[in-house]
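Single-structure report; data block below.
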Amino acid sequence: MNVYELDKQVLDYLQKRNLISRYKKAKEYLKKDQLKAVQFKKRKPYTEGKYYFRITRKYRAIGVFDGEDFIVTDISDHQE
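Structure (structure tokens):
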């Protein structure tokens, strides 16, 4: 599975919080289909078709599938 960002805002958010290297590492796990390593799960409500994966304990990347590719649309502070 390939992982892409929807727009530059996602990368700006990560860069402001010094999460770029951890995000890239999580993306590599997804590319290797190691979904449990990043706790890749479907987000509630399940009918929306949104998924998320763990970047750190605090942050999650949220996105949708576009065929074979996963597009990250947002980064969420999991603790808020």
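In my numbering, the protein residues as written are 3 to 82.
Here a beta-carbon is modelled for each residue, glycine too, at the ideal position from N, C-alpha and C.
For residue i, the three-state DSSP class (helix, strand or coil)
{"i": "Asp71", "result": "strand"}
{"i": "Lys1", "result": "The question about residue 1 has no answer, for the chain in this structure spans 3 to 82."}
Start and end residues, beta strand (DSSP E) containing residue i
{"i": "Tyr53", "result": "53-56"}
{"i": "Val5", "result": "5-7"}
Best match in the options for proximity to residue i [C-alpha to C-alpha]
{"i": "Arg45", "options": "His80, Asp14, Ala39", "result": "His80"}
{"i": "Asp9", "options": "Gly65, Lys33, Leu37", "result": "Gly65"}
{"i": "Thr58", "options": "Val40, Asp68, Pro47", "result": "Val40"}
{"i": "Gly51", "options": "Phe67, Lys26, Leu13, Ala63", "result": "Phe67"}
{"i": "Met3", "options": "Tyr61, Ser78, Gln36, Tyr48", "result": "Gln36"}
Terminal residues of the alpha helix (DSSP H) in which residue i lies
{"i": "Ala28", "result": "22-33"}
Pairwise C-alpha distance: residue j and residue i
{"i": "Ile22", "j": "Tyr54", "result": "17 Å"}
{"i": "Phe72", "j": "Leu32", "result": "9 Å"}
{"i": "Arg24", "j": "Arg56", "result": "10 Å"}
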